[in-house]
Amino acid sequence: MKNFLSIESATVAELHAILALATEMKATRGHHAAHPLRHQCWALLFAKSSTRTRVSFEVGIRELGGDVLFLNASEIQLGRGEPIKDTARVLGRMVHGAVIRTFAQSDVDDFAKYSGIPTVNALTDGEHPCQIIADLQTIQEKLGGYAGKVVTFIGDGACNMPASWLWAASKLEFELRIAAPRAFQPAPEVIARAFPVVKTPAPVDGDAQAVYENARGGRLIVTENLDAAATGADVLYTDVWVSMGKEDEAAYRAAQFARYQIDTALVAKAKPGALVLHCLPAYRGKEITEEVLEAHADTIFTQAENRLHAQKAILSLLARGG
Ligand code: CP
Ligand code: NVA
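If you count the sequence shown from 1, position 192 lands on 195 in the numbering used here, and the numbers rise without skipping.
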């Protein structure tokens, strides 16, 4: 594996290899046989806030024997207009790998292209692929696997998290349901790339659902009907209503998403023992209630912890280059 830029660009074999190694990383933490980042320095280049991603990468790189350099995008010349391709060509001659959190997916793709060093997407407006690996690892641990399961994403269906989920469902054979207001459903061109077969066309009536399938056995349902999407689900998943960079739309979004909340009544519609997952940070009283978050805190914070193990797997595979 040369880069980890998106779930869309990752192969099924790479996703399986990362998940298998993530389990091993968790089991062997503190006594790893190999330190693949020894004598390497990796840059973390962040243009957005972060707690989990920054800490898990900084700790993970060190645990793999490497050194790490945190660069706030606004404090380097990038923030004063130096192009990403020039920044990439400079860093590519000095550091051994880069982990980038920014706005445009094309900036991460360009960084990888111009730097020539292993590059990881630590969140863009398009995808959050590292989060998905930790989420799948958590589902695997708690439910024994993800194949054939039903994962229901609730809330802003047009942001980075559901986009990465959509690609995961298209590659890893589970059913993804996205419950979101019509104006916040995934872009049709993204759906068309991941799920070329439309079983039931996108509805005009908001309450009906669109069902998409692909040749690999992946299945996607997009609907405004929250109750139908939650019924019988193995996993209920949510994310913030206001993603980073969308702060100006906070009031509009609060009104649009008001009924797209995971509360106790919604959890009762899912399968008995269903997981509730949240990529965090959580806004209680908005996308999830305090009661549900606290009742499922063990799973949700295991999910956060798994960022460390999952990303150490990604870094190790990048260091191997294959
Ligand atoms: N889930 C996640 O990426 O968290 P941070 O924004 O804190 O890194
Ligand atoms: N959709 C959120 C994810 C945060 C981890 C955002 O982009 O802010």
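Don't be surprised by glycine CBs; every beta carbon is placed ideally from N, CA and C.
If you measure from the CB of residue i, is any heavy atom of the ligand NVA nearer than 6 angstroms?
i, result
"Cys133", "no"
"Asp251", "no"
"Asp242", "yes"
"Asn163", "yes"
Give every residue of the same chain whose Cβ lies closer than 8 angstroms to the Cβ of residue i, excluding the five residues on either side of it in the sequence, and list them in chain order.
i, result
"Asp230", "Leu269 and Lys272"
"Val62", "Leu311"
Leaving out five residues on either side along the sequence, give the residues of the same chain with a beta carbon under 7 angstroms from the beta carbon of residue i.
i, result
"Glu216", "Phe198, Val200, Lys202 and Arg222"
"Val295", "Ile265, Asp266, Thr267, Val270 and Val279"
"Arg111", "Correcting the residue type first, residue 111 is Val in the shown sequence and not Arg. Result list for Val111: Leu8, Ile103, Thr105, Thr122, Asn124 and Thr127, in chain order."
"Ala115", "Asn6, Leu8 and Thr122"
Using a 10 Å radius around the Cβ and a threshold of 16 neighbouring Cβ atoms, would you call residue i buried or exposed?
i, result
"Asn75", "exposed"
"Gln80", "exposed"
"Ala261", "exposed"
"Lys5", "exposed"
"Met28", "buried"
"Asp242", "buried"
"Arg180", "buried"
"Lys88", "exposed"
"Met97", "exposed"
"Val154", "buried"
So, for residue i: in the same chain, excluding its five sequence neighbours on each side, which residues have a beta-carbon less than 6 angstroms away from its beta-carbon?
i, result
"Ala313", "Ala25, Ile136, Ala137 and Gln140"
"Pro132", "Ser9, Ile10, Asn124 and Ser167"
"Gln188", "Gly160 and Val225"
"Glu144", "none"
"Trp170", "Ile10, Glu11 and Ala197"
Any heavy atom of the ligand CP within a distance shorter than 6 angstroms of the CB on residue i?
i, result
"Arg185", "no"
"Ser246", "no"
"Thr122", "no"
"Leu283", "yes"
So, does the CB of residue i fall closer than 7 angstroms to a CB anywhere in chain C?
i, result
"Lys88", "Here there is only one protein chain, and chain C is not present."
Inset, instruction - May I have a chain-ordered list of the alpha helix (DSSP H) segments no shorter than 4 residues that lie completely inside the region 86-173? - result: Segments of the alpha helix (DSSP H) lying fully in the region 86-173: 87-94, 108-118 and 132-146.
Inset, instruction - Tell me the start and end of each unbroken beta strand (DSSP E) in the region 8-59 that is at least 3 residues and wholly inside, in chain order. - result: 44-49
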